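In this note's numbering, the protein residues as written are 399 to 714.
Ideal placement from N, C-alpha and C gives every residue a C-beta, glycine not left out.
Since this is a predicted model, take the numbers as computed values, not measurements.
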Amino acid sequence: MSGFAYVVTRGRARAVDPHDAIRLRRGFVWIHLTSREEEVQAWLRDVARLDRFTIDALTALETRPRCDQIDGAAVLNLRGMTHAAMQSSDPLASIRLRAAGDRVISVTRLPLDALDVTRAATEAGEVLDAGDLIATLAEAITEQLDPQVADLGDSLDSCEEQLDARQAFELRRKVNAVRRTAIGYRRFLYPQRVALEKLATLPVRWLSEEDRLHISAAADRAARMAEELESIRERASLIHETLTDLRAEVIDQRSLVIAVAAMVFLPLTFITGLFGMNVQGIPYDDHPSSFWVITVFCLIVSAAVTFYFVRRHWFR
399 MSGFAYVVTR GRARAVDPHD AIRLRRGFVW IHLTSREEEV QAWLRDVARL
449 DRFTIDALTA LETRPRCDQI DGAAVLNLRG MTHAAMQSSD PLASIRLRAA
499 GDRVISVTRL PLDALDVTRA ATEAGEVLDA GDLIATLAEA ITEQLDPQVA
549 DLGDSLDSCE EQLDARQAFE LRRKVNAVRR TAIGYRRFLY PQRVALEKLA
599 TLPVRWLSEE DRLHISAAAD RAARMAEELE SIRERASLIH ETLTDLRAEV
649 IDQRSLVIAV AAMVFLPLTF ITGLFGMNVQ GIPYDDHPSS FWVITVFCLI
699 VSAAVTFYFV RRHWFR
């Protein structure tokens, strides 16, 4: 099992071993664990001595952002950016926290990018209690997600500018990738907004008014990003439909050209088939100019049929 821990006393943070940090009773303590489910469960049960509900919430395999209050402590699940490889349907890594006034235990399975920002703030003396830690973490998560959502919108803008039936296949692939990512982000941002809003209103003394304001601001940004992702998803669907229509229009145009060509050659096929029958009685079969007469007649017929379609504006 790996992880780290900090103890903050008199505004100064120092790194300690997680096994030693759990026994400290003075100052603010933050313990972070990164490992497999069984190891973390054993540590939380035997060393931290947490209740079963809290242990299950901190080590669950499948999590959605949520917030619960248990005996004056907040059990919080959040999702944020990670540099680890993720599926398009599950693009965000989770972090689970149990926070009280002077003690926070957090658990992750994958590296969370916002943790680096939170650790730097802790080492700089900007995190003094659980409220400061959660507010810093929530703000870091939303700040890292915001440009990702903006990039999705910019990608759609680029696809809209390049709408062309000749690039339909490539554009459709890009639009589908943007839509899948937007759906994956939106799946967690809506419940994350609810979780942060609930946390900001918890009746606990260790959350100051400033902490509540920062958490509410992070919830508002999560709500705005969720709305933007919904707009991106709808725009992606419209672009996909437009590309499908453009593709269908190209197919219709090509089918029209084939149909016109068939109409031009249909009477010629009839004429040549009629005069090409190997039977007795074909008129002028022994006349020396019969071939050229029939050839000129076929050219006249094809020109007349083509002129008819041109006058009817079939090629527009």
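From this set, the options, which residue's C-alpha is nearest residue i's C-alpha?
i      : options                        : result
Val699 : Tyr404, Gly425, Asp511, Ile669 : Ile669
Leu666 : His638, Ser653, Thr642, Val703 : Val703
Glu541 : Asp618, Leu561, Gly409         : Asp618
Ser556 : Leu594, Leu605, Ile630         : Ile630
Gly529 : Ala491, Ser606, Pro463, Gly478 : Ser606
Thr693 : Arg710, Phe673, Val677         : Phe673
According to the neighbour-count rule (16 or more other Cβ atoms, all chains shown, within 10 Å of its Cβ), is residue i buried or exposed?
i      : result
Glu632 : exposed
Trp428 : buried
Asp527 : buried
Phe586 : buried
Gln590 : buried
Pro416 : buried
Ala646 : exposed
Is the CB-CB distance between residue i and residue j below 8 Å?
i      : j      : result
Leu456 : Cys465 : no
Pro509 : Thr534 : no
Ala538 : Thr516 : yes
Gly523 : Arg421 : no
Ile468 : Leu495 : no
Leu459 : Gly478 : no
Ala616 : Ala518 : no
Leu644 : Leu554 : no
I'd like to know if residue i contacts chain C, where contact means its C-beta is closer than 8 Å to some C-beta of that chain.
i      : result
Ala497 : The structure shown has no chain C; it contains just one protein chain.
Is residue i helix, strand or coil when you go by DSSP?
i      : result
Asn475 : strand
His430 : strand
Gly401 : strand
Ile680 : coil
Ser584 : It is Arg, not Ser, that sits at residue 584 in the sequence shown. If DSSP states are grouped into helix, strand and coil, Arg584 belongs with the helices.
Ile656 : helix
Ile420 : coil
Thr599 : coil
Ser606 : coil
Ala615 : helix
Leu495 : strand
Gln651 : helix
What is the C-beta distance between residue i and residue j, in whole angstroms, given that I count them as a contact (C-beta under 8 Å)?
i      : j      : result
Ala472 : Ala512 : Not a contact, Cβ separation roughly 17 Å.
Glu558 : Ile649 : Contact flag wrong, Cβ pair sits at about 22 Å.
Arg577 : Ala634 : 4 Å
Ala624 : Leu594 : Not really, about 12 Å apart at Cβ, beyond 8 Å.
Val658 : Phe707 : 5 Å
Any heavy atom of the ligand PLP closer than 7 Å to the beta-carbon of residue i?
i      : result
Ala446 : The ligand PLP is not part of this structure, which contains no ligands at all.
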